[in-house]
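>
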Amino acid sequence: MPEQDYNFDSIEQKWQKIWAEREIDKCEIIEGKQKYYLLEMFPYPSGRLHMGHVRNYTIGDLMSRFMRMKGYNVFHPIGWDSFGLPAENAAIKNNIPPATWTEDNIANMKKQLVRMGFSYDWRREITTFDRDYYRWNQWMFLKMMERGLVYKKKSSVNWCPQCQTVLANEQAENGICWRCESTVEEKHLEQWFFKITAYAEDLLAGHETLKGNWPEQVITMQRNWIGRSTGLRINFAFDTGEDFPIYTTRPDTVYGVTFMVIAPEHPILDRVKDRAVREFIERIKRQSSADRVSDEMEKEGIDSGLRIVNPFTGDVVPLYVGNFVLMEYGTGAIMAVPAHDTRDFAFAKKYGIPVKLVIDNPDKPIRVAEMEDAYIEDGVCVDSGPFTGIKNREAIEKISDYAVQKGFGVRETNYRLRDWGISRQRYWGCPIPVIYCDKCGTVPVPEKDLPVELPLQVDFHGDSRSPLGQMEEFLNVPCPVCGGRARRETETMDTFVDSSWYFAKFTSPKSKEMFDKKEVNYWMPVDHYIGGIEHAVLHLLYARFFNMVMHDMGLVPNREPFTRLLTQGMVIKDGAKMSKSKGNVVDPDDIIKKYGADTARLFMLFASPPQKDLDWSDKGVEGSFRFLGRVWRFVTKHAEKYTANRAIDGAALPASLTALRGELHRTVMIVTGDIAERMQFNTAIARMMELTNALYQTDENKLETPQGKEVLSEVFEKLLTMLFPFSPHIAEELWQMLGNTTLLAESTWPSYEEKLTVRQMVEVVFQVNGKIRAKEMASPSLTKEDLEAMAMAHERIKESITGKQVRKVIVIPGKLVNIVAG
RNA sequence: GCCCAGGUGGUGGAACUGGUAGACACAAGGGACUUAAAAUCCCUUGGACCUUGCGUCCGUGAGGGUUCAAGUCCCUCCCUGGGCACCA
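The C-terminal residue of the first sequence carries number 826 in this note's numbering, and the numbering is unbroken.
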């Protein structure tokens, strides 16, 4: 057979067609076969695949093909996170309906995914803007309402002026919009909320089952975000006798309270009429939330004139209004202990408030007059009534017990996590299924009327506001209760709702119910989820919450949706994340055109381990292309030597062939471990490169012999099979070229023989006092005694130890001999 | 400030439980093939030194320590990246 050029383009298209015809990627329940659900985070259909997608889906595809070859019944679906603002912006700008824009983008990106050779079961494709999909968003909303997990309240919200909508807390970290990076403003609006805080404990408890299978970093980020703290609610009192509750995690310092601080928004301040105080409150309220949480923000306050009584001491202390106290957390007011809290200390110094020491350092007593900062270490209680003399750690418990027993304290747990605000003042999203009736109030849409369809014929008038509010035919609806005139809710759901349950919908994309029981119970949970770390406290937290609710409703079989999580690193070029604004974007299409999908995939896996950032390098891509070319040329050149019928007699092989065969079996062993156990694909590829290099190094005359042909055939078979999940098209083409009629896509992962992986000779190092003095080839089976004798007999070792006393000899068989002499 | 990763050749990165540091690839240099170039194939490639040897010394951010042996373990410090940061 003459050598042929590696024409990646025709090869790749040829095999994509054949695999599609043979329905290689079809996922079906096979009773008794171990399932493996492998999922990558589904994309937003922006129109073009970027390198981050390519990396994400290449890793997923490698794993799915590998697991399939390992005998698992692999489930590998994909879909589209297709609601969201960009479609709406494009519509306003170009006057294209969002649905059309989105469908076009999906068609284009789907073509790109197919062109990459990713093995998805396209029969299970879902898209979230489909009415048959989002109807279940609405259904869940109603069900969650029944369970008391949905409510509406007026609250201060994060408003993005650019996106013209509200954002959840998770989406407005540090006062910056997660999508467009505008500074968010504060607004007061009626909002729908999902009560995620009701699941705060469950979300925390679930981390225990995820440990080891999720990156520690993601768990830590979620834990911090939930921010559980346990403490005590203490009823202080106004001097008039009214209750004044505060929350503290440090009841051991309660005897050291010298003032109190309250949030400017606190309603109780309405009674304060003093001009200076009122002006202060108004000034602070005008500051944006972004400013108020910035680190440069000076802590300021003003004495409200109100006085508070400490129930433990009877002390009367001033109540300050402070800009650093948050209305949303605890009771909106705090007790301040300058002696033992850094912030309180600074505040007290600024306003000349006394400092009272109640925890002393037992090793080095503190003098209050000399304090330069708060004492926040542990110590012993002083000046603390009946608790004086005990360790402060114990005092936390004892003082809490005391307060509870006396009736002015309650143990309390607080969370930083807030309920999930899901209202969006946008058009291109799932309508919230609620009707407002003047007579009956807020009425949920009856289940039988679902879905509330999003009208597709809309006119934006070049306006960035949602058109739903102006559409009479959408707006006007009879009240489901009284039949009178009523109006629909015009707000839509946060698109993170759509992505909070899509993974379960893949199991039964066309079912009449939300999920088909049999399918969902067979396939869920996701065994291996792959995506970017940027969703650690967004999508991954919402999805866990949703799955728990679905589990409580009996809809899904598991409490946690994602058993194992892999967070892949970013794709970097010239030291920065690829982005349009940086102008360092590489278009995957260009790479495919120039080198083909197989090279693109190989480079993505070779350049860096999946968890780490990947440094894009045009030269590096060429290296991957060159490797595939080397494999191509060698296999095509020697294709006629291939035989499927082999009976290799290992004992009769010449040394060079034994060596090649050993190399092969070691490669299979290492590549298998690198993928299955370590998920380090770059070293797996390096091993296959070494094996290929070894092929080129093998004496061609030896390969011409009958034995040589058999060994070569074994190498070809195992090498191409291993290469398949990385670069499937070229592997499949070469496999066919060898005369095989089976498909690698339907093959099993190669095996190796343990005894063949053992090297016949290894290099052993002889050291004297830890320094290498000689090297020698030796059988790895030599005993410690043999090796020691060998080392001692070596010329250079003898030289090195003459005149010295040998104190000790350490022998590691197959590795080294270290002679300690002096 | 707190927590978590990480710091290895000119570059991306290897080195699994302490046991030959630098696998594999890129770049660079040399050779073969060619009228020539590209492609391909082969060789060299951490640094310094000289007596050019199957040579000596140095070398994994810095400094100490444990050990026969440290990139790997321990302590202190420096730097980079990420997360958290008025949450009472």
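Cβ coordinates follow ideal geometry from the N, Cα and C atoms, glycine included. Here the structure is a predicted model, which is why all the values come from computation and not from measurement.
Residues in its own chain within less than 6 Å of D136 by CB, not counting five upstream and five downstream?
Contacts found: none.
> Which residue comes first and which comes last in the beta strand (DSSP E) that contains R489?
R489 to R492
> Determine the contact status of P560 and M528, defining contact as a CB-CB distance below 8 Å.
What sits at residue 560 in the sequence shown is Val, not Pro. Yes.
> Near P437, which residues of its chain fall below 7 Å by C-beta distance, leaving aside the five closest residues on each side in sequence?
Q142, F145, L146, P448, V449, L454 and V456
> Where N77 and F685 are concerned, what is the direct C-alpha to C-alpha distance, given to the nearest angstrom?
22 Å
> Assuming I1 contacts A241 (C-beta within less than 8 Å), just tell me the rounded distance between them.
Residue 1 lies beyond the range of the chain shown here (5 to 826); nothing can be said about it.
> In the DSSP assignment, the alpha helix (DSSP H) including L570 goes from what residue to what residue?
Premise fails: L570 lies in the beta strand (DSSP E), L569 to Q572, not in any alpha helix (DSSP H).
> When you measure from the CB of A580 to every non-hydrogen atom of the ligand FMN, does any distance come out below 7 Å?
Of ligands this structure carries none, so the ligand FMN is not represented either.
> Identify, in the order they occur along the chain, each residue of the same chain with its Cβ nearer than 8 Å to the Cβ of R282, setting aside the five sequence neighbours on each side.
V276
> For my contact list, L542 and E174 are in at a C-beta cut-off of 8 Å; report their separation, rounded to the angstrom.
5 Å between Cβ atoms; contact.
> Measure from the alpha carbon of A797 to the alpha carbon of each residue in I816, V821 and S785, then state which is nearest.
V821
> Check G807 in the structure and name its three-state DSSP category.
coil
> What residue range is occupied by the uninterrupted beta strand (DSSP E) comprising T234?
Its beta strand (DSSP E) spans residues S233 to F242.
> With a CB to CB cut of under 6 Å and the five nearest residues on each side skipped, what residues in its chain are close to I288?
P268 and N327
> M148 lies in the alpha helix (DSSP H); which residues open and close that run?
R135 to E150
> Taking buried to mean at least 16 other C-beta atoms within 10 Å of its own C-beta, is R428 buried or exposed?
R428 is buried by the Cβ-count criterion.
> Compare the C-alpha of I679 against each of I34, D65, H733 and S14 and name the closest.
With distances taken between Cα atoms, I679 lies closest to D65.
> If we ignore side chains and look at the alpha-carbon of each, how far apart do M5 and D790 end up?
Because M5 sits at a pLDDT of 37, beneath the cut-off of 50, its placement in the model cannot be relied upon, and the point is left open.
> Between the stretch 67-86 and the stretch 605-618, do three or more beta carbon pairs fall short of 8 Å?
Fewer than three beta-carbon pairs drawn from the stretch 67-86 and the stretch 605-618 are found closer than 8 Å, and the two stretches are therefore not classed as touching.
> Assess, as a yes-or-no matter, whether the stretch 530-546 is touched by the stretch 579-589 under the definition of 3 or more beta carbon pairs within less than 8 Å.
Counting C-beta pairs with one atom in each stretch, the stretch 579-589 and the stretch 530-546 have fewer than three that are closer than 8 Å, which means they do not touch.
> Any chance you could list the alpha helix (DSSP H) runs of at least 4 consecutive residues sitting entirely within the stretch 335-367, in chain order?
346-355
> Assuming A782 contacts F770 under a Cβ cut-off of 8 Å, what Cβ separation, rounded to an integer in Å, is found between them?
The pair is not a contact, with the Cβ atoms about 10 Å apart (cut-off 8 Å).
> Note the first and the last residue of the continuous alpha helix (DSSP H) segment covering Y333.
Run containing Y333: none; DSSP gives neither H nor E here.
> Identify the residues that DSSP records as bridge partners of L820: which are they?
V769 and I816
> Go through its chain and collect everything with a Cβ distance to F351's Cβ below 6 Å, but skip five positions before and after it.
K303
> Measure the CB-CB distance between K158 and L193 and report whether it falls below 8 Å.
yes
> Give, in chain order, every unbroken run of the beta strand (DSSP E) that is at least 3 residues long and sits entirely within the stretch 461-530.
Runs found: 480-482 and 489-492.
> Which same chain residues end up closer than 6 Å to V719 when comparing Cβ atoms and leaving out the 5 residues on each side of it in sequence?
L668
> Just the C-alpha distance for A651 and P817, rounded to the nearest angstrom, thanks.
A651 and P817: Cα-Cα distance of roughly 33 Å.
> Secondary structure at F728, three-state DSSP: helix, strand or coil?
coil
> Alpha carbon to alpha carbon, what distance is there between E767 and V810?
23 Å
> Just to confirm, are L53 and M113 a CB contact at a threshold of 8 Å?
Less than 8 Å separates the beta-carbon of L53 from that of M113.
> W432 and P102: beta carbons closer than 8 Å?
yes
> Identify every residue that forms a DSSP beta bridge with A778.
F770
> Using only the alpha-carbon positions, how far apart do A795 and R763 sit?
Rounded to the nearest angstrom, the two C-alpha atoms are 20 Å apart.
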